[in-house]
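> Counting the sequence shown from 1 gives a position; this note's numbering is that position plus 11. Ideal placement from N, C-alpha and C gives every residue a C-beta, glycine not left out. Pasting in a structure now, in structure tokens, and then I'll have a few things to ask.
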Amino acid sequence: VRAVKQLLPGGVTNTCEVQSTRINKADGLAALCKEIGVPMENVWAFGDDANDARMLSEVGWGVRMANHLPGLAGVGNDVTSRTNQEEGIAYYLEEHLLCDDPAG
């Protein structure tokens with residue numbers, strides 16, 4: 012991690028994501044699910060960017076992060092109460108999977 016941070020002295024704001032139009036997170040997740048025998052409808056996924064839209068739509072429970080980009084509005088089933096930087100996934104899982112009330 013330190014080596015990567017040294018390559019990015021200004022932090023992640025100075026990075027650029029390059030993505031193929033032929034590859035999608037949903038496809039990778041579907042291939043993994045097929046390999047391990049888990050139906051996509053039994054999968055939860057979290058995302059905050061436009062490249063997460065299809066994945067959040069195709070899993071059983073798609074969750075947008077609180078700091079998701081506007082392009083994800085309305086995608087998936089729910090939204091976290093916290094951002095990525097605030098450990099939003101951990102809090103969401105704790106609130107929804109580890110709660111004492113079975114109704115959530």
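Alpha carbon to alpha carbon, what distance is there between T32 and E52?
For the purposes of this step, residue 52 is taken as the residue at position 41 of the sequence shown. For the purposes of this step, residue 32 is taken as the residue at position 21 of the sequence shown. If I take the Cα positions, the gap works out to 24 Å.
> For D63, which of helix, strand or coil comes out of DSSP?
For the purposes of this step, residue 63 is taken as the residue at position 52 of the sequence shown. It is helical.
> Please identify the residue among A84, G58, L104, L40 whose C-alpha is closest to the C-alpha of P50.
What you label residue 50 is simply residue 39 of the sequence shown in a count that begins at 1. Looking at the Cα atoms, L40 is the closest of the given residues.
> Going straight from the alpha carbon of L43 to that of G58, what length do you get?
The count along the sequence shown starts at 1 and reaches residue 43 at position 32. The count along the sequence shown starts at 1 and reaches residue 58 at position 47. One C-alpha to the other measures close to 18 Å.
> When you compare the CB positions of V70 and A56, do they come within less than 8 Å of one another, or not?
One-based indexing of the sequence shown puts residue 70 at position 59. One-based indexing of the sequence shown puts residue 56 at position 45. Yes, the pair counts as a contact, with Cβ atoms nearer than the cut-off.
> For the beta strand (DSSP E) containing G73, list its first residue and its last residue.
For this step, residue 73 is matched to residue 62 along the sequence shown. From DSSP, the beta strand (DSSP E) with G73 extends over 72-75.
> By Cβ distance below 7 Å, which residues in the same chain neighbour D109 in space, the five residues on each side in sequence not counted?
The residue given as residue 109 occupies position 98 in the sequence shown. Note that residue 109 is Leu in the sequence shown here, rather than Asp. Counting only Cβ-Cβ distances below 7 Å, and skipping sequence neighbours, we find nothing.
> Please classify T91 as buried or exposed, where buried requires at least 16 neighbouring CB atoms within 10 angstroms.
Position 80 of the sequence shown, counting from 1, holds the residue named residue 91. By the neighbour-count rule (16 or more Cβ atoms within 10 Å), T91 is buried.
> Between which residues of its own chain and N78 is the CB-CB distance below 7 Å, once the five residues before and five after are set aside?
Translated into the one-based positions of the sequence shown, residue 78 becomes position 67. D59, T94, N95, listed in sequence order.
> Based on Cα-Cα distance, which residue from D63, Y102, E98, K45 lies nearest to G82?
Position 71 of the sequence shown, counting from 1, holds the residue named residue 82. Selected option, being the one with the closest Cα: D63.
> If you check the beta carbons only, do V54 and L67 fall under 8 Å apart?
Locating residue 54 in the sequence shown gives position 43, counting from the first residue. Locating residue 67 in the sequence shown gives position 56, counting from the first residue. No. Outside cutoff.
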